[in-house]
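In what follows, a single structure is set out as structure tokens and then discussed.
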Amino acid sequence: MINQLTGTLLHVGTSPFKGPYVVCNLNGMGLECLVLQRSLPSLQASLNQETTLFTVLIVREDLLQLVGFVTPTERDLFALLQQASGVGLRTALALMDALSVSELASAIVANESKPLTVAKGVGPKLAQKIVLELKEKIATFQQSVALLGDSTAMPLPAHTLPADVASEAEAVLLSLGYHPQEIAQGLRAIHGAGTGETLDKKLTAEWVLQKALQWLATHV
1209 MINQLTGTLL
1219 HVGTSPFKGP
1229 YVVCNLNGMG
1239 LECLVLQRSL
1249 PSLQASLNQE
1259 TTLFTVLIVR
1269 EDLLQLVGFV
1279 TPTERDLFAL
1289 LQQASGVGLR
1299 TALALMDALS
1309 VSELASAIVA
1319 NESKPLTVAK
1329 GVGPKLAQKI
1339 VLELKEKIAT
1349 FQQSVALLGD
1359 STAMPLPAHT
1369 LPADVASEAE
1379 AVLLSLGYHP
1389 QEIAQGLRAI
1399 HGAGTGETLD
1409 KKLTAEWVLQ
1419 KALQWLATHV
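The sequence shown maps to residues 1209 to 1428 in this note's numbering.
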């Protein structure tokens, strides 16, 4: 099992046949990894730089394929999703592109199958099967993530950090050379800056960026 690799990103792109993927130089070998569509912007920012990917190796009679993720939590959830009957490589990736780790895990644990149907190729019957078969495993997964203190796994509540504000701040931080995991930790740390009501009044991208930079300057 290859569960992690570190090397220089040689290529980040999308193929009509493979979907989003990267090529990573590891000791002179160009290793191809399928990745999430939602991960492409942060990976593109790391092009030609040393990068760590958390990986799952898919082995079948007709396939030997690495799948890479920005965080170990994404990797572990991807592996869990494939334990449900009818969920293969493409379906698991589609689910994780359609929903965040937090949204996906929360829906399954709450016995809510409808949110899963937004993913390409996931109909109501398959969504119900995923919830039925994985509910207990995902609940255990959530607990382990919380115990490990994985700040990249469960994003802030929507009222605390709106998606458009977070995206704008993240783009600037990526351009400044911060790693995606560092950025996620910095944005999450803003939650401790005050109450939700106070944050809602201040939450512009400029304010979030300023607070994130302050946190990163002292913690990275």
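In this text, a Cβ means the ideal position worked out from N, Cα and C, and glycines have one as well.
Nearest candidate by alpha-carbon position, reference residue i, set the options
i	options	result
T1260	L1424, T1412, L1289, H1387	H1387
A1315	G1296, G1236, E1378, L1289	L1289
L1303	V1353, A1347, L1244	L1244
L1217	Q1273, T1412, S1250	S1250
E1414	A1392, D1372, T1426, G1385	D1372
P1224	L1234, L1242, W1423	L1242
Local conformation of residue i per DSSP, three classes
i	result
P1228	strand
T1412	coil
E1258	strand
Q1166	Nothing in the structure corresponds to residue 1166, since the chain is present only between 1209 and 1428.
L1242	strand
N1211	coil
G1385	coil
L1265	strand
L1417	helix
M1373	Inspection of the sequence shows that residue 1373 is occupied by Val rather than by Met. Correct three-state label for V1373: helix.
L1217	strand
G1331	coil
S1308	coil
S1321	coil
Cβ neighbours of residue i in the same chain (closer than 8 Å, five flanking residues each side left out)
i	result
G1236	none
A1327	T1299, A1302, L1303, D1305, A1306, L1307
Contact with chain C by residue i, beta-carbon distance below 8 Å
i	result
V1309	Looking for chain C here will not work: only one protein chain is present.
Contacting residues, own chain, Cβ-Cβ under 7 Å from residue i (five flanking each side not counted)
i	result
V1380	L1417
Own chain, CB closer than 6 Å to residue i, minus 5 neighbours either side, in chain order
i	result
F1262	Q1212, F1277, P1280, R1283
A1253	L1382
L1285	V1309
* With contact counted as at least three CB pairs below 8 Å, one residue from each stretch, are the segment 1245-1265 and the segment 1315-1328 in contact? -> no
* **Contact the segment 1280-1299 vs the segment 1333-1348: 3+ CB pairs below 8 Å** => Contact between the segment 1280-1299 and the segment 1333-1348 is present, because at least three Cβ pairs lie under 8 Å.
* To do: Please determine if the segment 1297-1309 and the segment 1265-1275 are in contact, where contact requires at least 3 C-beta pairs separated by less than 8 Å.
  => yes
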